[in-house]
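Read through the structure below, which is laid out as structure tokens, and then see the notes.
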Amino acid sequence: MNLDVKAYKIYKVYIVLFIIMMCGVLSACNQPLPEEKRVEQQKQDEIKNVTPDLNLICERLQKEMQQMSAQRTTFALQQINQDIRLCLPLMPFPEQKKLMQLADQMYVQFLKIDRSVEQQAAFDLYAHDQSQIPTIQQSQFEQLHIRDQYLLRHMGQAYIDLVDTNDHKTSYQRNALYLAKVFAPYFPDSEKEFMQELAAQNQQPAFKKNMVLITPDEVSRRAQFWENYLKKFPKSNYKYDAQYLLDVYSSLLFIGLENSPVSIYFEANFDIQAATLSEIEHLAEQKNNRLADQARLFLRFIEMDGSQRLKTLGITQNEYSSQPDARDQLQHYLHLKVFDFSKPAARDCFRDAICR
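This is how it looks when you write it as structure tokens:
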């Protein structure tokens, strides 16, 4: 009996030892190899380092933007724009707007050129000749300021354009798509939609030298967009600019500009530009919008004779030393504002993604 007890105890010891040995083997099998441990640790370190590096980039960003100068390259400008895209999602909206103002300053500093009188004359001549004859002699190009030579060689990079402004001058300008693509995607919907649409519209200028450059259907489309925008975003920060744009395009549609008027006398269909009349007739078929109401009034107006117009408008001959012309009558009848873009406007909404 004692032998059996002793044998049983020895048996239990063997069983315990066997279990311990097997656990050790299994544990060893589950442990990663040294190389796997190194790779896993490297991945964890990379994850830990991403946020601090991004924070560091964003902390330095404003200083780098403020230090932008006319000695920097388009590559440096593109790199800062890439950093702006990285940092904008991390910023509250007020800080994003401040960064947008800094971006304006950054481009002004980048595009600044102090030309001599001779260099300015060479630049003006180059800009004029380039619009007439795309191939310019190398000798003429070499007369330009060294910075002009650099920017012209890198035209189109970092959203830089050479444009003929409405005041008959040629200058470098940041393309309107810059704000629409770099900043607008991170802004509230009302601001994003305003900036992206205005930037798209300003890729094709609406007018130049007091002449309308876009087709009547495009004028109408733009006017309708701004009317719908005001309905969709009545409390937008850009509501006054949207109203101004609606007023401008409404006037262009129904009246035109001095060098491209819709009509002179506004008498019957034959006196109206065919494409404009067709667009106004199409617009008059719509309902529940101000532009459609104005279109119907326009069609009614051109069917009136002179006396009917004066009577409808409540104007007596005694109120005027001479009868007001048809354009003034139409303006009053449709409650339109008339614009003269031969002079610098107090509000410029036709170059960028926002009004200035």
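Numbering (the numbering used here), first residue to last: -18 to 337.
Glycine is no exception: its CB is placed at the ideal position from the N, C-alpha and C atoms.
Outcome for residue i when other beta-carbon atoms lying within 10 angstroms are tallied against a minimum of 16
i	result
residue 95	exposed
residue 98	exposed
residue 11	The pLDDT assigned to residue 11 is 49, lower than 50, so where the model puts this residue is not dependable; a value taken from the coordinates is nonetheless given after this. Under this definition residue 11 is an exposed residue.
residue 233	buried
residue 288	exposed
residue 80	buried
residue 71	exposed
residue 201	buried
residue 310	buried
residue 267	exposed
Beta-carbon spacing of residue i, residue j below 8 Å
i	j	result
residue 238	residue 176	no
residue 211	residue 220	yes
residue 159	residue 77	no
residue 271	residue 208	yes
residue 100	residue 126	yes
residue 332	residue 84	no
residue 51	residue 128	yes
residue 53	residue 91	yes
residue 204	residue 247	no
residue 341	residue 136	Outside the displayed span of the chain (-18 to 337) sits residue 341, for which this structure offers no information.
residue 169	residue 74	yes
Alpha-carbon spacing of residue i relative to residue j, whole angstroms
i	j	result
residue 63	residue 197	39 Å
residue 244	residue 329	26 Å
residue 260	residue 199	10 Å
residue 89	residue 213	34 Å
residue 274	residue 312	14 Å
residue 240	residue 186	16 Å
residue 188	residue 104	25 Å
residue 322	residue 41	42 Å
residue 14	residue 38	Unreliable placement is indicated for residue 14, whose pLDDT of 47 sits below 50; the coordinate value is still reported in the next sentence. Their Cα atoms are separated by approximately 36 Å.
residue 121	residue 132	16 Å
residue 82	residue 286	53 Å
residue 124	residue 35	44 Å
residue 336	residue 180	10 Å
residue 252	residue 224	29 Å
residue 222	residue 182	14 Å
residue 264	residue 296	28 Å
residue 119	residue 47	35 Å
residue 184	residue 269	30 Å
residue 93	residue 130	13 Å
residue 255	residue 102	44 Å
residue 206	residue 194	18 Å
residue 106	residue 305	45 Å
residue 190	residue 324	9 Å
8 Å CB neighbourhood of residue i in its chain, flanking five on each side removed
i	result
residue 262	276 and 280
residue 326	320
residue 370	What the structure shows of the chain is the stretch from -18 to 337, and residue 370 is not part of that stretch, so it cannot be assessed.
residue 284	249
residue 45	61 and 64
residue 68	35, 38, 39, 42 and 80
Close-in-space but distant-in-sequence residues of the same chain around residue i (CB under 6 Å, 5 per side omitted)
i	result
residue 171	214 and 217
residue 151	108 and 145
residue 164	81
residue 257	197 and 243
residue 230	200, 203 and 204
7 Å Cβ shell around residue i - same chain, five flanking residues per side excluded
i	result
residue 318	228 and 232
residue 161	176, 177, 180 and 334
residue 316	none
Exercise. Pairing CB atoms from the stretch 55 to 70 with CB atoms from the stretch 134 to 142, are three or more of them under 8 Å?
Worked result: Between the stretch 55 to 70 and the stretch 134 to 142, the count of C-beta pairs closer than 8 Å reaches three or more; the two stretches touch.
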